[in-house]
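Every position in the sequence shown, counted from 1, becomes a number in this note's numbering once 689 is added.
Each residue gets a CB set at the ideal place from its N, CA and C atoms; glycine is no exception.
Please read all numbers here as calculations on a predicted model, not as lab measurements.
Before any comments, here is the structure.
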Amino acid sequence: KMSSGAVDLRQRKKQHCTESDKMAPEERNKENSKLGRSPKYMLIQRFAKLFFGCLAAVTSGMMYAVYLSTYHERKFWFSSRQELEREITFQGDSAIYYSFYKELLKAPSFERGVYELTHNNKTVSLKTINAVQQMTLYPELIASVLYQASGSEEVIEPVYFYIGIVFGLQGIYVTALFVTSWVMSGTWLAGMLTVAWFIINRTDTTRIDHSIPSRENWALPYFACQIAALTGYLKKNLNCSAEKFCYLLVSASTYTFMMMWEYSHYLLFVQAVSLFLLDSFALAQTEKVHEVYKIYLFSLFLGYLLQFENSALLVSPLLSLVVALMLSKCLQMNMKKGTFLSRLLKIMYIYLVLTITVTLNFLLKMFVPHKENEHLLKFIEVKLGLNTTKNFTMNWLLCQESLQAPSQDFFLRLTQSSLLPFYILVLIICLFSVTQVIFRRICGEPLKETVKLEDGRIGERPEIVYHVIHTILLGCLAMCLEGTKYLWTPYVCMLAAFGVCSPELWMTLFKWLRLKAVHPILLALILSMAVPTIIGFSLWKEFFPRIMTELSEIQEFYDPDTVELMTWIKRQAPVAAVFAGSPQLMGVIKLCTGWMVSSLPLYNDDDLLKRNENIYQIYSKRSAEDIYKILTSYKANFLIIEDSICNEVGPVRGCRVKDLLDVANGHVVCEEGDSYAYSKYGRFCHEIKMNYSPYVNYFTRVYWNRSYFVYRINTVISFQS
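Right, here's the structure in full:
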């Protein structure tokens, strides 16, 4: 029975494809004959529209990539810098990613380079790590292969090749957003407006300025391509060739996205929830939605195998949700239609899926050995106010700006560029239209096969409903964590641009208003051209001079103290030395010198988090003996004190590193709203600079400048006063 059902399903899909392929030309021919146009004329017109639209999309992406490259050059003056000065511009985790790219290029062969990364014992002291799995280094593997295979060694320097790929991907990102808006609205004017809003709000749409090698900058362009393909795939009356192309593109981009970013499955989970809600209200073809679920399963399975059996994918909420949806669908299919149990199951469908998802995820976490970040769950508890903690790592994460709620400046910037007001307008119209459609479906009214302009029912288009649900879910995430605004704001640009350029949206609004003085279709067509044109001119007048000024301004990023420190390490420190200090500085030392370090700026490994907390104790109020024991337990030979952390004057007093350490160590007592500091010892980073016993017995200062103090950790302790 199941096999015959599958055959029937395939036959229905083939029949639907052939019917749509046959019907589409017939309908177009009838429409053309009414308008007195020949099919040849319409074919030329469609080809011209497609050609110029694709040209505009590709040009927009290329121009944005050139803009990023120009801005980066003006900001850092890469072309006039030495290699060491260029590498210092990579900060924190960015430095670690780029350092492994350098190691791959220095390896005698690609195979040897990959082996050394998967069995890496030259980065963190006393620790062998699989850097490819732990840090998701697939972008660096691809970049190194392309650099060597293309013969670029004699043409371009490795750093330019690396950042060039990232800037090129950002161009693809913008092109994908352009295409998505174009597919939804039917006019590439929407794509141009999307790109304009994206660039103007660059502070809130991308992190490319702050961290070029970050995983998001490699992964999100593929996610944008997946969404563009999914938008086309969900459209009604799509011919078979276009549907197959969209399906293949969704498959390829979903898997690539999952390989590029360790947190990609969480974002795909949000997307899966959007598709689940779309299917639950019967607003899309169920077969298409379930084909996307199969793509998720295939990508998770392949990702699990190729990511060294990454157990995080097995316990991910995405897998639990997709399996629950498949099981629920089987239960529904096995029930006879029209029976009481079938109707009851349909009503309870959402509850059933949620119950199976939670239960399955709980069972998987019980039986599948995994190293999922426990600190992530603890962070969520504390963030939601369900728990309190004195733990340094938890409080440090809570103090990060990216994990705070978005500031008022964020909404002010979006409003000044006119993006937020138009997004809210478009979202309200679409939401009301979708609500009307859902109410009609509950009342038993079927969806129309083809929605015409004069119908004014934009909420019946499945791709529009999907984007409305998806942008609301991403928006809820962005309202909780400012760091996730980079996931939401690009699609705000896309949805707002689609709305103001879509005649269907204006027609939906006029249907509600019941306009009689002016023909609503004519007015909708006029507004869909006039409104984006006016917005475009106003944006050009206000923001284009700012962008040109930004590119022409001479900026200079130069850090002589860090350059001097790195130069001293390369010249004076022993090759086998191990350095200890703040994780951010350790990343730069690893990149610029290649020396081994005691910690890294990574937050997905419990052992590294514990190391970071222990080594940060150099800024706490603990004894010289305690600090000495901590550092020698990690085989550290040199200690680096940063004056910027030791004498930090932060905007939020309780969020300074030394304040968080005092709370974690119990050196701060809070009574009736007031806090009192108490400790037997002074702050270590201050006391060690005084050069008196017992500090000089354990540590010997070997180098200092305005920002850094370097101490050798004595192997033989002298207790001379």
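Segment contact flag, the stretch 1039-1046 with the stretch 1001-1021, C-beta cutoff 8 Å, min 3 pairs = yes
Counting only the same chain and skipping the five closest in sequence on each side, list residues whose C-beta sits under 6 Å from that of serine 1368.
-> By 1-based counting over the sequence shown, the position of residue 1368 is 679. Lys1310 and His1356.
Collapsed DSSP secondary structure at tryptophan 1177 in the structure displayed = Locating residue 1177 in the sequence shown gives position 488, counting from the first residue. It is helical.
Whole-number beta carbon distance between cysteine 1119 and isoleucine 1153, since they are thought to touch under 8 Å | Indexing the sequence shown from 1 puts residue 1153 at position 464. Indexing the sequence shown from 1 puts residue 1119 at position 430. Right, their Cβ atoms sit about 6 Å apart.
Bridge partners of phenylalanine 1398, per DSSP?
-> For this step, residue 1398 is matched to residue 709 along the sequence shown. Per DSSP, Ile1330 and Trp1393.
C-beta atoms of tryptophan 1257 and tyrosine 1392 nearer than 7 Å = The sequence position of residue 1257 within the sequence shown is 568, counting from 1. The sequence position of residue 1392 within the sequence shown is 703, counting from 1. Yes. Within cutoff.
Residues near phenylalanine 789 by beta carbon distance below 8 Å, same chain, minus five either side | The residue labelled residue 789 in the question sits at position 100 within the sequence shown. Only Leu806, Ala820, Met824, Leu826 and Glu829 meet the Cβ criterion.
Inspect the beta-carbon positions of valine 1264 and serine 1287 and report whether they are closer than 7 Å.
-> Taking the sequence shown and counting its residues from 1, one reaches residue 1264 at position 575. Taking the sequence shown and counting its residues from 1, one reaches residue 1287 at position 598. Cβ atoms of valine 1264 and serine 1287: not closer than 7 Å.
Would threonine 920 be called buried (16 or more neighbouring beta carbons within 10 Å of its own) or exposed?
-> Counting from 1 along the sequence shown, the entry for residue 920 is found at position 231. With 16 or more Cβ atoms within 10 Å of its Cβ, threonine 920 is classed as buried.
Considering only residues of the same chain and omitting the five flanking positions on each side of proline 1058, which have a CB-CB separation below 7 Å?
-> In the sequence shown, the residue the question calls residue 1058 occupies position 369. Correct list, in chain order: Ser1000.
Per DSSP, asparagine 1050 is paired with what?
-> In the sequence shown, residue 1050 corresponds to position 361, counting from 1. Paired residues: none, contrary to the question.
Through-space distance from lysine 795 to valine 803, alpha-carbon basis = In the sequence shown, counting from the first residue as 1, residue 803 sits at position 114. In the sequence shown, counting from the first residue as 1, residue 795 sits at position 106. Those two C-alpha atoms are separated by around 11 Å.
Boundaries of the alpha helix (DSSP H) in which phenylalanine 779 is found, first to last residue | Position 90 of the sequence shown, counted from the start, is the residue given in the question as residue 779. Per DSSP, phenylalanine 779 belongs to no alpha helix (DSSP H) and is neither H nor E.
Indicate whether proline 910 and leucine 858 have their beta-carbon atoms separated by less than 7 Å.
-> For the purposes of this step, residue 910 is taken as the residue at position 221 of the sequence shown. For the purposes of this step, residue 858 is taken as the residue at position 169 of the sequence shown. In this structure, leucine 858 lies closer than 7 Å to proline 910 by Cβ.
With burial defined as no fewer than 16 other Cβ atoms inside 10 Å of the residue's Cβ, what is the status of histidine 808: buried or exposed?
-> In the sequence shown, residue 808 corresponds to position 119, counting from 1. So histidine 808 ends up on the exposed side.
Throw me the rounded Cβ distance for the lysine 977 and tyrosine 922 pair, which I believe falls under 8 Å.
-> If you number the sequence shown from 1, residue 977 lands on position 288. If you number the sequence shown from 1, residue 922 lands on position 233. Their Cβ separation, rounded to whole angstroms, is 6 Å, which keeps lysine 977 and tyrosine 922 in contact under 8 Å.
One or two residues paired with alanine 1269 in a DSSP bridge | Locating residue 1269 in the sequence shown gives position 580, where the first residue counts as 1. According to DSSP, alanine 1269 bridges with Leu1328.
In chain order, what residues of the same chain lie with their CB nearer than 7 Å to the CB of alanine 688, ignoring the 5 residues before and after it?
-> No statement about residue 688 is possible, as the shown extent of the chain runs from 690 to 1410 and does not include it.
With distances taken Cα to Cα, identify the nearest neighbour of methionine 1285 among Val834, Gln1273, Leu1297 and Ala1269.
-> Position 596 of the sequence shown holds residue 1285. Per the Cα distances, Ala1269.
Proximal residues to glycine 860 (C-beta, below 7 Å), its chain only, five neighbours per side dropped | Within the sequence shown, numbered from 1, the residue matching residue 860 stands at position 171. Gly750, Met751, Tyr753 and Ala754.
Roughly how many whole angstroms lie between the Cα atoms of isoleucine 733 and glycine 742?
-> Numbered from its first residue, the sequence shown carries residue 733 at position 44. Numbered from its first residue, the sequence shown carries residue 742 at position 53. The alpha-carbon atoms of isoleucine 733 and glycine 742 are separated by roughly 14 Å.
Alpha helix (DSSP H) segment containing methionine 948, residue limits | Stepping through the sequence shown from its first residue, residue 948 is reached at position 259. Its alpha helix (DSSP H) spans residues 929-949.
Any idea what DSSP makes of valine 1220, helix, strand or coil?
-> Working through the sequence shown from its first residue, we reach residue 1220 at position 531. DSSP places valine 1220 in helix when its eight states are reduced to three.
Whole-angstrom distance between leucine 986 and glutamate 708, CA atom to CA atom = Numbered from 1 along the sequence shown, position 19 holds the residue referred to as residue 708. Numbered from 1 along the sequence shown, position 297 holds the residue referred to as residue 986. Legend: pLDDT at glutamate 708 = 47, less than 50; position of this residue unreliable, no value from coordinates given.
Is it true that the stretch 1216-1227 meets the stretch 1188-1207, where meeting means three or more beta-carbon pairs spaced less than 8 Å apart?
-> yes
Let me know if phenylalanine 736 comes out buried or exposed under the rule of 16 or more other beta-carbons within 10 Å of its beta-carbon.
-> Here residue 736 is taken as the residue at index 47 of the sequence shown, counted from 1. Its Cβ having fewer than 16 others within 10 Å, phenylalanine 736 is exposed.
Using a Cβ-Cβ cut-off of 8 Å (strictly less than) and excluding sequence neighbours within five positions of alanine 913, which residues of its own chain qualify?
-> Within the sequence shown, numbered from 1, the residue matching residue 913 stands at position 224. Excluding sequence neighbours, alanine 913 sits near Ile861, Tyr862, Ala865, Leu866, Thr869 and Pro1179.
Could you give the DSSP three-state label for lysine 711: helix, strand or coil?
-> As a working mapping, residue 711 is identified with position 22 in the sequence shown. Residue placement at lysine 711 is flagged as unreliable, the pLDDT there being 48, under the threshold of 50; the coordinate-derived value follows with that caveat. Reduced to three states, the DSSP call for lysine 711 is helix.
Examine the Cβ distances between the stretch 874-883 and the stretch 1218-1235 and report whether three or more of them are shorter than 8 Å.
-> yes
Isoleucine 1131: buried (16+ other C-beta within 10 angstroms of its C-beta) or exposed?
-> Within the sequence shown, the letter at position 442 stands for residue 1131. Result: exposed.
Distance, Cα to Cα, cysteine 1344 vs glutamate 1337?
-> For the purposes of this step, residue 1344 is taken as residue 655 along the sequence shown, with counting starting at 1. For the purposes of this step, residue 1337 is taken as residue 648 along the sequence shown, with counting starting at 1. The straight-line gap from Cα to Cα measures roughly 10 Å.
With DSSP run on the structure shown, which of helix, strand or coil describes phenylalanine 1388?
-> Start at 1 with the first residue of the sequence shown, and residue 1388 comes out as number 699. Phenylalanine 1388: strand per DSSP, three-state reduction.
Which one of Glu772, Gln837 and Phe850 has the shortest CA to CA distance from serine 758?
-> By 1-based counting over the sequence shown, the position of residue 758 is 69. Per the Cα distances, Phe850.
Which same chain residues, not among the five before or five after valine 959, have their C-beta less than 6 Å away from its C-beta?
-> Stepping through the sequence shown from its first residue, residue 959 is reached at position 270. Within the same chain, valine 959 has close Cβ partners Leu1162.
Grab me the residues of proline 714's own chain with a C-beta within less than 7 Å of its C-beta, minus the 5 sequence neighbours each way, in chain order.
-> As a working mapping, residue 714 is identified with position 25 in the sequence shown. With a pLDDT of only 48 at proline 714, under 50, the local geometry of the prediction cannot be trusted, and the value read off the model is given with reservation. Nothing listed; no residue qualifies.
Among Tyr1155, Ala1167, Ile1307 and Leu1198, nearest to alanine 918 - alpha-carbon criterion | Taking the first residue of the sequence shown as position 1, residue 918 is located at position 229. For alanine 918, the nearest C-alpha among the options comes from Tyr1155.
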